[in-house]
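Under our numbering, think of the first position of the sequence shown as 865, with each following residue one higher. C-beta atoms are modelled at their ideal positions from N, C-alpha and C, and glycine is treated no differently.
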Amino acid sequence: MLRRRMGYADPSSGKDILGNRSLCFMFLCAFGLVTLLQQILYGKNYIKRYLENYDGSYEYNSTACRELRQEIMDVKVLTMVKTSDLFERWRNLQVCRWEQNKEETSNFKMSLTRCCNAPSFLFTTKKNTPAGTKLRYEVDTSGILPITTEVFKMFPDDMPYSKSQYKKCAVVGNGGIIKSTKCGKEIDSADFVFRCNLPPLDNGYENDVGIKTDLVTANPSILVCRFQKLEKWRRPFYEVLQKYENSSVVLPAFYNTRNTDVSFRVKYMLDDFDSQRGVFFFHPQYLLNVQRFWAVQGVRAKRVSSGLMLVTAALEMCEEVHLYGFWAFPMNPSGIYITHHYYDNVKPRPGFHAMPHEIFNFIHMHTRGIVNVHTGQCT
């Protein structure tokens, strides 16, 4: 007691001081080890990226954005990483403003022109498919359709669209990823809007998906299942088409022999109703070339999706292409479960399309500045 009052320390208290120092040293070592592991696992810029004050989007050519883009480009094939890792890299990239890379886009368009040439062969026309032609089907290669005078009359004189005719285009997929994004106004502001397979645009969906439509695909399976092959249900189908304003309709009439008659009925029906709506048929050789082109890019499936067909065409028809509603995973990039379509949760036929590989290509193309893939809310 006397020593304490006079200011002397108890010699035995040095053990406590030494113990505290040891604990402090151990804590610092543990913190350093965790920091090192974070940098190894998540990249050298982990600390900088997540601790710096973020205020607005990064510029496209900033050092941070170049590194974030490289993290995605380092994933050469989809199977290299877990889906959660790909999602994280994609989320990180969203802090960067997207800009079109003119050189990358031009090179990609040239490769499409060499293989596919949408401005000349997207649709069958009187110019690329003269009367008397023996048209070979896309899948049923043994099947041949003679282009009679009656069939020839259904074709347009020439392609209605030309190369880079439109400045900004929106290709709208039907994925559940587009729900609650409020992208409708942004989509409708595009110069040309593509849509897939007659999706619903009313009942509140218009806030997310918009209403403007310039070209919409119609899968013959929809005509068979929902409209009884148009043998009786003609007016209901006509009324459905009215929701797409003055848009043109395109069908894969020459995919196989089963598609032909029901696709032709769409043209006959609209003629009977004195409609001025354009009805076009994909050229089978164009679709075959598109299939081969994307197979080289890793999209190997029985058939590419309608969405990928439209994106491929848009890249030749438009200067700048924006994608909405394209996603192929049960969860969004934040790990929240979403429906397959924005209007239902009906899954596609297993093994028919290779949707994850299509989206993986879109993510790479976004990273390279070729297309702008929108998966979040629109401002």
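Residues near residue i by beta carbon distance below 8 Å, same chain, minus five either side
| i | result |
| --- | --- |
| Asp-1055 | Tyr-1030, Lys-1031, Lys-1032, Cys-1033, Cys-1182 |
| Tyr-1207 | Asn-1038, Pro-1063, Pro-1064, Tyr-1069 |
| Cys-1047 | Asp-1072, Val-1073, Gly-1074, Tyr-1188, His-1238, Gln-1241, Cys-1242 |
| Cys-1089 | none |
| Leu-1152 | Glu-1002 |
| Tyr-1210 | The sequence shown places Val at residue 1210, not Tyr. Excluding sequence neighbours, Val-1210 sits near His-1204. |
| Thr-1012 | Ala-995 |
| Tyr-1201 | Pro-1194, Met-1195 |
| Thr-1045 | Asp-1072, Tyr-1188, His-1238, Gly-1240, Gln-1241, Cys-1242 |
| Leu-1172 | Val-1154, Trp-1158, Val-1163, Glu-1222 |
| Met-937 | His-1228, Thr-1231, Arg-1232 |
| Leu-976 | Ala-982, Phe-1157, Thr-1176, Leu-1179, Glu-1180 |
Beta-carbon gap between residue i and residue j smaller than 8 Å
| i | j | result |
| --- | --- | --- |
| Leu-957 | Pro-1220 | no |
| Cys-1072 | Lys-1096 | Checking the displayed sequence, the identity of residue 1072 turns out to be Asp instead of Cys. No. |
| Phe-972 | Ala-995 | no |
| Met-1229 | Lys-1131 | no |
| Val-1113 | Val-1154 | no |
| Asp-949 | Lys-990 | no |
| Lys-940 | Glu-1180 | no |
| Phe-1091 | Phe-987 | no |
| Pro-1194 | Ser-1127 | no |
| Val-1163 | Ala-1218 | yes |
| Tyr-1119 | Cys-980 | no |
| Ser-1170 | Asn-992 | no |
| Glu-1278 | Cys-929 | Residue 1278 is absent from the structure shown; the chain starts at 865 and stops at 1243. |
| Trp-954 | Pro-1214 | no |
| Leu-1105 | Leu-1094 | no |
One or two residues paired with residue i in a DSSP bridge
| i | result |
| --- | --- |
| Val-1035 | Phe-1058, Leu-1187 |
| Cys-1182 | Tyr-1030 |
| Val-1168 | In the DSSP output, where bridge partners are listed per residue, Val-1168 has none listed. |
| Cys-960 | Tyr-922 |
| Asn-1236 | His-1186 |
| Lys-998 | Pro-1010 |
| His-1204 | In the DSSP output, where bridge partners are listed per residue, His-1204 has none listed. |
| Met-1195 | Tyr-1201 |
| Phe-987 | Phe-1146 |
Cβ-based neighbour list, residue i, same chain, cut-off 6 Å, excluding 5 preceding and 5 following
| i | result |
| --- | --- |
| Ile-1075 | Leu-1065 |
| Thr-1124 | Ala-1117 |
| Val-1000 | Per the sequence presented here, residue 1000 reads as Arg, with Val not at that position. Hits under 6 Å: Ile-1008. |
| Arg-913 | Interpretation of Arg-913 is limited by its pLDDT of 43, a score under 50 that renders its predicted location unreliable; the figure taken from the coordinates is listed afterwards. Excluding residues within five positions, none has a Cβ falling inside 6 Å. |
| Ile-1234 | Glu-968, Thr-969, Phe-972 |
| Val-1160 | none |
| Glu-1184 | Gln-964, Lys-1032 |
| His-1186 | Ala-1034, Asn-1236 |
| Asp-1052 | Gly-1074, Lys-1076 |
| Arg-1129 | Leu-1094 |
Chain-order list of residues whose beta-carbon lies under 7 Å from that of residue i (same chain, five-residue window excluded)
| i | result |
| --- | --- |
| Thr-1077 | Val-1057, Arg-1059, Tyr-1108, Glu-1109, Ser-1111 |
| Leu-932 | Asn-956, Leu-957, Cys-960 |
| Phe-1137 | Tyr-1102 |
| Thr-1121 | Tyr-1001, Asp-1004, Gly-1007 |
| Ile-1223 | Phe-1190, Trp-1191, Ala-1192 |
| Arg-1232 | Asn-965, Glu-968 |
| Ala-1177 | Ala-982, Leu-986 |
| Leu-1134 | Arg-1141, Val-1143 |
| Thr-947 | Phe-1193 |
| Lys-998 | Ile-1008, Pro-1010 |
| Ser-921 | Val-959, Cys-960, Arg-961 |
| Arg-1098 | Met-1133 |
| Glu-1050 | Cys-1242 |
Expected contact under 8 Å - CB spacing of residue i and residue j to nearest Å
| i | j | result |
| --- | --- | --- |
| Ala-1165 | Phe-1226 | So it is not a contact: roughly 15 Å between Cβ atoms. |
| Leu-1174 | Val-945 | 28 Å between Cβ atoms; not a contact. |
| Gly-1199 | Phe-951 | 7 Å |
| Pro-1024 | Gly-1142 | 7 Å |
Residue i beta carbon near the ligand PLP (any heavy atom closer than 7 Å)
| i | result |
| --- | --- |
| Leu-1152 | Ligands displayed in this structure: none; no statement on the ligand PLP is therefore possible. |
Write down every uninterrupted run of the alpha helix (DSSP H) in the segment 1000 to 1027 whose length is 4 residues or greater and which is fully enclosed by it, in chain order.
Complete alpha helix (DSSP H) runs here, min 4: 1013 to 1016.
Which runs of the alpha helix (DSSP H) spanning at least 4 residues fall entirely within the segment 1057 to 1144, listed in chain order?
For the segment 1057 to 1144, whole alpha helix (DSSP H) runs of length 4 or above, ordered along the chain, are 1070 to 1073, 1084 to 1091, 1098 to 1106, 1121 to 1136.
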